[in-house]
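Written below as structure tokens is the structure these notes are about.
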Amino acid sequence: GDSVTQMEGPVTLSEEAFLTINCTYTATGYPSLFWYVQYPGEGLQLLLKATKADDKGSNKGFEATYRKETTSFHLEKGSVQVSDSAVYFCALSDQTDSWGKFQFGAGTQVVVTP
Amino acid sequence: EAQVTQNPRYLITVTGKKLTVTCSQNMNHEYMSWYRQDPGLGLRQIYYSMNVEVTDKGDVPEGYKVSRKEKRNFPLILESPSPNQTSLYFCASSPALLPNQPQHFGDGTRLSIL
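Heads up: the protein sequence lines correspond to chains A and B, in order. My numbering applies: residue 1 is where the first sequence begins, and numbers increase by one. My numbering applies: residue 115 is where the second sequence begins, and numbers increase by one.
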């Protein structure tokens, strides 16, 4: 079945450092890919998405490119802030195979220190 | 304000005592879903609903029931809770199951089954 694998955390960074969180997936069809962010005590919020190969999603300085050849959707930000401290989830929805089902990765905690 | 509301936010109960976690959305969304979040496992989908009276199993449906009698409500029912159902639960909704529609999440319900 479909699955998502993302790098384990926690990832600890200093403010203004470069952030990369790796995400790879397996899917039988043509999935849409998402990054969600969860701040402490809250539900998940969509950070960005990409619906087909080579699409780049971007939001709040974060970017991720849908790479079908490497089945990856790595999240990057050039200069993190303390307010970016959160848990980040990679997710996929394979509309062609399992309409309505979503797969999430295990989540990566990011801690940004001043 | 557009939101997904879950109740209760916290519950401690005992094995075998039936409980219901309610979920309500005020955005007229067709799609609703339940997830559980466990450390190291990320979010796993329990059940989802494409519209009123249409529900389907996610990856971990055992021990849970749902119903969708009205568009706005999607309760999660644990008929005979067991300790392995201790978890953080999230309800989510989206306007339609299309790749470019984000899911809106509630703030979560933390269940402890003793």
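Beta carbons are placed, not taken as given, at the ideal position from N, Cα and C, and that holds for glycine.
- Rounded to the nearest angstrom, the gap between the Cα atoms of residue 159 of chain B and residue 75 of chain A is 23 Å.
- Note that the C-beta distance between residue 112 of chain A and residue 83 of chain A is below 9 Å.
- Here residue 58 of chain A is bridged, per DSSP, to A:63.
- For the pair residue 178 of chain B and residue 162 of chain B, the CB atoms are not nearer than the 9 Å cut-off.
- At a cut-off of 9 Å between beta-carbon atoms, residue 4 of chain A makes contact with chain B.
- For residue 138 of chain B, the enclosing beta strand (DSSP E) begins and ends at 133-139.
- For residue 107 of chain A, at least one C-beta of chain B is nearer than 9 Å to its own C-beta.
- Residue 187 of chain B sits in a strand when the DSSP states are folded into three classes.
- Contacts with chain A (Cβ-Cβ distance below 7 Å) from the segment 191-207 of chain B involve 204, listed in chain order.
- Excluding five sequence positions before and after residue 215 of chain B, the CB atoms of its chain that fall closer than 6 Å to its own CB belong to 208, 209, given in chain order.
- Beta-bridge annotation (DSSP): residue 49 of chain A is paired with A:34.
- Around residue 75 of chain A, no beta-carbon contact reaches into chain B at under 9 Å, the shortest distance being about 15 Å.
- Here residue 54 of chain A is actually not in contact with residue 31 of chain A; their C-beta atoms are around 14 Å apart, not less than 8 Å.
- When Cβ-Cβ separations below 9 Å define contact, residue 45 of chain A makes contact with chain B.
- Between the alpha carbons of residue 91 of chain A and residue 134 of chain B lies a distance of about 27 Å.
- By the criterion of a C-beta distance shorter than 7 Å, residue 46 of chain A is surrounded in its chain by 34, 36, once the five residues flanking it on both sides are discounted.
- Shown here, residue 217 of chain B sits in coil according to DSSP, grouped into three states, outside any helix or strand.
- Its Cα nearest to that of residue 189 of chain B, the residue B:148 stands out among B:148, B:155, B:156.
- A distance below 7 Å between beta-carbons, with the five flanking residues on each side excluded, links residue 86 of chain A to the following residues of its chain, in chain order: 37, 38, 39, 110.
- Interface flag for residue 141 of chain B against chain A is unset, since no Cβ pair is found closer than 9 Å.
- In summary, the residues of the segment 159-177 of chain B whose CB is separated from some CB of chain A by less than 7 Å are 159, 162, 164, 170, 172, in the order they occur in the chain.
- Leaving aside the five residues that flank residue 137 of chain B on each side, the residues in its chain whose CB is nearer than 6 Å to its CB run, in chain order, 120, 188, 205.
- When DSSP states are grouped into helix, strand and coil, residue 83 of chain A belongs to the helix group.
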